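Notes follow the structure.
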Amino acid sequence: MSRRVRALPGYRGSLAELYSSRANSFGVLRLVLASAVVVSHMYPIAWGHLDPLWKHSGMQTDIGKMSVIGFFVLSGFMITGSGARSTSGRYAWHRALRILPGLWGSLLLSALVIVPALYYWLHGTTAGYWHNPAGPRNYLEGTWNTSISTGWDISGVMAEGRNRGTNFDPGVNGALWSLKYEILCYVMVGLLAAGGALQRARKFVPLMAGALGVLILRDWFDAPGLRGIPGDMNSAVMVPFLGAMSVHFIIHLCFVFLIGATFQLYRERLPIHDGLAALSFLVLGGTLYFGGLFVFGYPAFAYLLLWLAVRLPRPFQKVGRKRDYSYGIYIYGFTVEQALAMLGYAKYGKPVYLLCAMAGTVVLAALSWHLIESPAMKLKNWTPWFVRRLKQRSQERRQVSEPVAPTTDKAARQQQDAPAVSA
Numbered sequence: 001m002s003r004r005v006r007a008l009p010g011y012r013g014s015l016a017e018l019y020s021s022r023a024n025s026f027g028v029l030r031l032v033l034a035s036a037v038v039v040s041h042m043y044p045i046a047w048g049h050l051d052p053l054w055k056h057s058g059m060q061t062d063i064g065k066m067s068v069i070g071f072f073v074l075s076g077f078m079i080t081g082s083g084a085r086s087t088s089g090r091y092a093w094h095r096a097l098r099i100l101p102g103l104w105g106s107l108l109l110s111a112l113v114i115v116p117a118l119y120y121w122l123h124g125t126t127a128g129y130w131h132n133p134a135g136p137r138n139y140l141e142g143t144w145n146t147s148i149s150t151g152w153d154i155s156g157v158m159a160e161g162r163n164r165g166t167n168f169d170p171g172v173n174g175a176l177w178s179l180k181y182e183i184l185c186y187v188m189v190g191l192l193a194a195g196g197a198l199q200r201a202r203k204f205v206p207l208m209a210g211a212l213g214v215l216i217l218r219d220w221f222d223a224p225g226l227r228g229i230p231g232d233m234n235s236a237v238m239v240p241f242l243g244a245m246s247v248h249f250i251i252h253l254c255f256v257f258l259i260g261a262t263f264q265l266y267r268e269r270l271p272i273h274d275g276l277a278a279l280s281f282l283v284l285g286g287t288l289y290f291g292g293l294f295v296f297g298y299p300a301f302a303y304l305l306l307w308l309a310v311r312l313p314r315p316f317q318k319v320g321r322k323r324d325y326s327y328g329i330y331i332y333g334f335t336v337e338q339a340l341a342m343l344g345y346a347k348y349g350k351p352v353y354l355l356c357a358m359a360g361t362v363v364l365a366a367l368s369w370h371l372i373e374s375p376a377m378k379l380k381n382w383t384p385w386f387v388r389r390l391k392q393r394s395q396e397r398r399q400v401s402e403p404v405a406p407t408t409d410k411a412a413r414q415q416q417d418a419p420a421v422s423a
């Protein structure tokens with residue numbers, strides 16, 4: 001980093017100097033982003049239209065999608081650090097523990113408790129729920145791996161809500177759409193780490209981000225206006241295990257994820273400057289209003305998030321350190337809001353509806369953390385017995401193959417005569 005940058009007023013240091021894994025505001029940022037997703041989903045679920053940011057941004061984005069972008073930036077930063085430090089097996093194990101147990105708990109609670117209760121509310125019985133061809137078993141088989149391959153509804157409950165005019169979204173949990181893209185990014189980092197790119201060829205990461213940025217820029221030039229959405233929203237590819245995935249979201253979400261990864265790998269060169277943060281805020285606001293969000297606004301938003309992560313006051317650093325409810329809020333909020341809409345809570349207005357939704361979501365998120373997610377994370381250092389056995393045998397072979405230096409008789413006598421030294 002140049003001396004001129006260091007001499008500028010507002011310069012606080014490099015990201016490497018200011019960031020600490022034990023003292024940062026990532027927890028509160030994740031909590032705010034997850035809560036913003038709940039706020040955003042309230043509108044299409046109970047009122048049938050997207051949140052106000054969709055209109056004010058010229059239909060570029062909404063609060064929920066911007067929150068997902070923020071999640072991917074933060075994940076890119078943190079997950080890349082984990083991939084660079086861990087072996088491939090340990091990295092994959094950690095990522096699976098963080099995302100799958102909580103997801104499975106959410107799916108089971110939805111399919112076996114919440115949605116059958118709503119079915120009973122609608123029909124006065126659960127007789128037609130359990131053995132429906134599109135019932136809970138079908139739903140779980142298609143969602144356990146985030147592929148959503150068997151549909152979004154269970155036994156027609158959400159379809160019935162739409163017919164009655166209480167619900168406007170057809171899915172039990174529409175928030176799950178982004179998880180397969182998160183897993184895809186995890187796999188990408190794992191491959192980069194296994195190939196040594198994170199340690200010995202880190203330039204490859206910003207080059208990948210730049211290539212995706214060029215694709216977005218090209219599509220933006222072809223868009224009908226400055227506020228147009230670049231790329232074909234309808235094109236999709238089939239990805240093994242994860243199912244059908246939108247090419248548009250693969251490009252955009254991998255782009256912001258790689259921006260976060262680049263910040264991690266070049267943290268010693270990234271200046272944390274209050275002036276740059278202010279400029280990023282202006283660029284973000286300007287692109288939301290005038291257009292170009294995907295090309296210029298996303299990188300500005302990414303820098304702003306990292307600036308907040310290290311510059312927010314110390315009390316914010318305590319949020320989420322021991323209890324991280326953000327993932328639970330994300331995976332439960334949509335289903336809670338669907339249930340409240342079906343029960344008629346929308347008639348009480350948006351503030352009451354949102355308050356009830358947040359209360360129910362936080363309760364389920366807390367239960368998920370304490371009963372599922374936190375216990376699962378305690379297994380992060382667990383090693384299967386056969387892996388331990390292989391490591392033990394490998395160590396024994398190395399010890400046997402290591403040559404032992406010959407000891408002369410004189411050296412042996414000197415060793416025997418050496419005085420014992422107390423520790």
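Be aware that the sequence shown starts at 1, since it is given in the UniProt record's numbering, and climbs by one per residue. Positions of the beta carbon are idealized from the N, C-alpha and C atoms, including for glycine. On a predicted model such as this, the values are computed, not experimentally measured, just so you know.
Item to check | Residue range of the beta strand (DSSP E) that includes residue 115 | outcome: It is not in any beta strand (DSSP E) - residue 115 instead sits in the alpha helix (DSSP H) that spans 115-123.
Checklist entry - Any idea what DSSP makes of residue 325, helix, strand or coil? => result Three-state DSSP puts residue 325 in coil, outside helix and strand.
Checklist entry - I think residue 232 touches residue 247, with their Cβ atoms under 8 angstroms apart; what is that distance to the nearest whole Å? => result Indeed they touch by this definition, with Cβ atoms about 7 angstroms apart.
Checklist entry - If you check the beta carbons only, do residue 19 and residue 319 fall under 9 angstroms apart? => result No, Cβ-Cβ distance for residue 19 and residue 319 is not below 9 angstroms.
Item to check | Touching by the beta-carbon criterion (3+ pairs, under 8 angstroms), the segment 187-197 and the segment 81-89 | outcome: In short, these stretches touch, since the Cβ pair count reaches three.
Item to check | residue 252 - containing alpha helix (DSSP H), residue span | outcome: According to the DSSP assignment, residue 252 belongs to the alpha helix (DSSP H) that extends over 247-265.
Next on the checklist: Can you tell me which residues form a DSSP beta bridge with residue 273?
Outcome noted: Answer is 11, bridged to residue 273.
Checklist entry - residue 196: which of 88, 128, 226 sits nearest, CA to CA? => result Across the set 88, 128, 226, the C-alpha of 88 shows the shortest separation from the C-alpha of residue 196.
Next on the checklist: Rounding to the nearest angstrom, what Cα-Cα distance links residue 13 and residue 272 in this structure?
Outcome noted: Looking at the two C-alpha atoms, the distance is approximately 6 angstroms.
Next on the checklist: Suppose you measure from the CA of residue 279 to the CA of residue 303; what does that come to, to the nearest Å?
Outcome noted: Here the C-alpha atom of residue 279 lies approximately 10 angstroms from the C-alpha atom of residue 303.
Next on the checklist: Applying the 10 Å Cβ sphere with the 16-neighbour rule, what's the burial state of residue 392?
Outcome noted: Taking all protein chains shown into account, residue 392 has fewer than 16 neighbouring C-beta atoms within 10 Å of its C-beta and is therefore exposed.
Next on the checklist: Once DSSP output is grouped into helix, strand and coil, what is the label at residue 238?
Outcome noted: Looking at residue 238 - three-state DSSP - the assignment turns out to be strand.
Checklist entry - Where does residue 86 sit, in a helix, a strand or coil, going by DSSP? => result If DSSP states are grouped into helix, strand and coil, residue 86 belongs with coil.
Item to check | Length of the line joining the Cα atoms of residue 137 and residue 153 | outcome: Separation of residue 137 and residue 153 (C-alpha to C-alpha, rounded to the nearest whole angstrom) is 12 angstroms.
Next on the checklist: Mapping the DSSP letters down to three states, classify residue 21 as helix, strand or coil.
Outcome noted: Coil, per DSSP.
Checklist entry - Contact check, residue 70 vs residue 33 under 8 angstroms by CB: the rounded distance? => result Under the criterion of beta carbons closer than 8 angstroms, residue 70 and residue 33 qualify as touching, at roughly 5 angstroms.
Checklist entry - Excluding sequence positions up to five away, which residues of its chain have a Cβ less than 7 angstroms from the Cβ of residue 415? => result At residue 415 the pLDDT is 44, less than 50, meaning the model places this residue with poor confidence; the figure from the coordinates comes in the next sentence. Cβ neighbours of residue 415 beyond the five flanking positions: none.
Checklist entry - For residue 418, which three-state DSSP category applies? => result Because the pLDDT at residue 418 is just 42, under 50, the model does not fix this residue reliably, and the value given afterwards should be weighed accordingly. Here residue 418 carries a coil assignment [DSSP, helix/strand/coil].
Item to check | Buried or exposed (CB count within 10 angstroms, at least 16 for buried), residue 10 | outcome: When all chains shown are included, residue 10 counts as exposed.
Next on the checklist: Please tell me whether residue 277 and residue 308 are closer than 9 angstroms, where the distance is taken between their beta carbons.
Outcome noted: Residue 277 places its beta carbon less than 9 angstroms from that of residue 308.
Checklist entry - By DSSP, does residue 244 sit in helix, in strand, or in coil? => result Residue 244: strand per DSSP, three-state reduction.
Checklist entry - Looking at the unbroken alpha helix (DSSP H) that takes in residue 222, where does it start and where does it end? => result Per DSSP, residue 222 belongs to the alpha helix (DSSP H) from 204-222.
Checklist entry - Of all the options 241, 356, 149, 301, which has the alpha carbon lying nearest to the alpha carbon of residue 74? => result The closest CA to that of residue 74, considering only 241, 356, 149, 301, is found on 301.
Checklist entry - For residue 141, which of 54, 108, 224 has the nearest alpha-carbon? => result For residue 141, the nearest C-alpha among the options comes from 108.
Checklist entry - Can you tell which of 281, 352, 305 has its C-alpha closest to the C-alpha of residue 30? => result The option with the nearest alpha carbon to residue 30 is 305.
Item to check | Run of the alpha helix (DSSP H) containing residue 42, from where it starts to where it stops | outcome: First-last of the alpha helix (DSSP H) with residue 42: 26-46.
Item to check | residue 64 and residue 41 closer than 9 angstroms at C-beta | outcome: A contact, by the Cβ cut-off of 9 angstroms.
Next on the checklist: So, under 8 angstroms CB-CB, residue 239 and residue 293 are touching, yes? Tell me the CB distance rounded to an integer number of Å.
Outcome noted: Going by Cβ atoms, the distance from residue 239 to residue 293 rounds to 26 angstroms, so no, they are not a contact pair.
Checklist entry - Is it true that the CB of residue 335 sits closer than 9 angstroms to the CB of residue 68? => result Contact: no.
Next on the checklist: Three or more C-beta pairs under 8 angstroms: does that hold for the segment 358-366 against the segment 328-343?
Outcome noted: Two segments are said to touch when three or more pairs of C-beta atoms, one from each, lie closer than 8 angstroms; by this definition the segment 358-366 touches the segment 328-343.
Item to check | C-beta atoms of residue 258 and residue 206 nearer than 9 angstroms | outcome: For residue 258 and residue 206, yes; Cβs fall inside 9 angstroms.
Checklist entry - Can you tell me the Cα-Cα spacing of residue 113 and residue 367, whole angstroms? => result Cα-Cα distance, rounded: 15 angstroms.
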